[in-house]
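Going by the numbering used here, 6 is the number at position 13 of the sequence shown; the sequence numbering is gapless. We treat Cβ as the ideally placed atom computed from N, Cα and C, and that holds for glycine.
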Amino acid sequence: MRKIKLLIACMCVCFVSCTHADNKNVNASDIIKMIQKGKPVQMANKVIFGDLNFADALKPELFSGAVLRTKIESTVYFTGCVFMGKVTATSNMSGAEVQTCFGRNLVFQECDFRDTVNFDNIEVSGVVNFQKTTFRKPVSFNGMTAWTANGVFSYIKAESSFEMQAAKVRGTLNMSNSEFAGFVRLQNLSVDDSFLFNSVKCNGYADLSLLRTGGRAMFNYTVFGGSCMMLMSRFGGDAEFVKTEFAKKPNFENVVFYGRAVQADSIDLSKSIQIIK
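Following this line, the structure appears as structure tokens:
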């Protein structure tokens, strides 16, 4: 009898363990089904298998010319999740580009992306939060438009290239305390309010040319380990460089300061740079 009870107990433990594992693993297709049913996507501590393409979740609508848009009204909220496959928000349909418009929050907090991430040309009308997220492969937010008071990309870790070119953030963009192992391309990035880039480690090439801010720009305690370009950037408020380190001489040609350049003595602000007080 004792052996039978022991056997039953072992079987129960195995069943619970298997159930727990099954509950932790999620197929990317299941997330698409939730969006198709209009349900909010809210997941914590899950492992997502398969490629996840938001652009293919719903039938796209004509936006302009050869551009279609998939409109997602579901909240997208992941925290502590691991994505094993590619994650993208762009596609192609009969030669037309398909972009994704998120009508609510887009949150990937403390997540781990094991493959490439492509959020090019997305539009977000809610919170945008990628705080404490790790990107193992190339990631891009080129052409992103974020209608948010605070775009949060702080404490992220990019082990490969990171791009956010020609993006528009209609509030503050916070990228502080992040680490970039590969090149960082933020050319033509437009931030309506403040741009926070404090205590960042850029181990490779960093291009912030044509960066435009409506408020302050803060680069305090940031380390640029490779070449740094800020050609023709415009800072609408004070630009702070407190204990900013440059491994190589940065290029600040034709930069326009509409506020003060704070503790920028180590930077060559030559006569070719217009400073407006």
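In angstroms, rounded to a whole number, what distance separates the CA positions of H13 and K39?
As a working mapping, residue 13 is identified with position 20 in the sequence shown. As a working mapping, residue 39 is identified with position 46 in the sequence shown. Residue placement at H13 is poorly supported in this model, since its pLDDT is 40, which falls under 50; the coordinates are not used for a value here.
Taking the beta strand (DSSP E) that I149 falls in, what are its first and last residues?
Position 156 of the sequence shown, counting from 1, holds the residue named residue 149. Boundaries cannot be given for I149, as no beta strand (DSSP E) includes it and DSSP labels it neither H nor E.
Please go through the same chain and pick out, in chain order, the residues whose beta-carbon is closer than 8 Å to the beta-carbon of A37, but skip the five residues on each side of it.
For this step, residue 37 is matched to residue 44 along the sequence shown. Here the set comprises F71, T72, G73, C74.
Residues in its own chain within less than 8 Å of I268 by CB, not counting five upstream and five downstream?
In the sequence shown, residue 268 corresponds to position 275, counting from 1. Around I268: V249, F250, A254, L262.
Any idea what DSSP makes of S22, helix, strand or coil?
Taking the sequence shown and counting its residues from 1, the one referred to as residue 22 is at position 29. It is helical.
Buried or exposed by the 16-neighbour rule on C-beta atoms within 10 Å, applied to P33:
Position 40 of the sequence shown holds residue 33. Exposed, by the Cβ-count rule.
List the DSSP bridge partners of Y70.
Counting from one through the sequence shown, the residue named residue 70 turns up at place 77. Within the DSSP bridge table, the entry for Y70 names Q35, V100 as partners.
Can D186 be considered in contact with the ligand PLP, in the sense that its beta carbon sits closer than 7 Å to one or more heavy atoms?
Summarising the ligand content, the structure contains no ligands, and the ligand PLP is consequently not present.
Contact check, A174 vs S153, beta carbons under 8 Å
Counting from 1 along the sequence shown, the entry for residue 174 is found at position 181. Counting from 1 along the sequence shown, the entry for residue 153 is found at position 160. Yes; because the gap between Cβ atoms is below 8 Å, this pair is in contact.
If contacts are defined as beta-carbon pairs under 8 Å, then F217 and A232 qualify, I think. What distance do you get, rounded to the angstrom?
Taking the first residue of the sequence shown as position 1, residue 217 is located at position 224. Taking the first residue of the sequence shown as position 1, residue 232 is located at position 239. Rounded, the Cβ-Cβ distance is 15 Å, inconsistent with contact.
Could you tell me which residues DSSP puts in a beta bridge with M222?
For the purposes of this step, residue 222 is identified with residue 229 of the sequence shown, where counting begins at 1. Per DSSP, D200, N244.
Enclosing beta strand (DSSP E) for N143 [first to last residue]:
Taking the sequence shown and counting its residues from 1, one reaches residue 143 at position 150. Taken as a continuous stretch (DSSP letters only), the beta strand (DSSP E) holding N143 covers 143 to 145.
If I measure Cβ to Cβ from M222 and keep anything under 6 Å in the same chain, skipping five residues before and after, which residues do I get?
As a working mapping, residue 222 is identified with position 229 in the sequence shown. Spatial neighbours of M222 in its own chain (CB-CB distance under 6 Å, excluding positions within 5 residues in sequence) are listed in chain order as D200, S202, N244.
Thinking just about the alpha-carbon of each residue, which of L55, I65, V235 is nearest to the one in I24?
Numbered from 1 along the sequence shown, position 31 holds the residue referred to as residue 24. When L55, I65, V235 are compared, the shortest CA-CA separation from I24 is found for I65.
In terms of residue numbering, what span does the beta strand (DSSP E) encompassing F42 cover?
Along the sequence shown, one-based indexing puts residue 42 at 49. Under the DSSP assignment, F42 falls in the beta strand (DSSP E) whose first and last residues are 40 to 42.
Please report the straight-line C-alpha distance between L166 and T109, rounded to a whole angstrom.
Residue mapping note: residue 166 aligns to position 173 of the sequence shown, counting from 1. Residue mapping note: residue 109 aligns to position 116 of the sequence shown, counting from 1. L166 and T109: Cα-Cα distance of roughly 22 Å.
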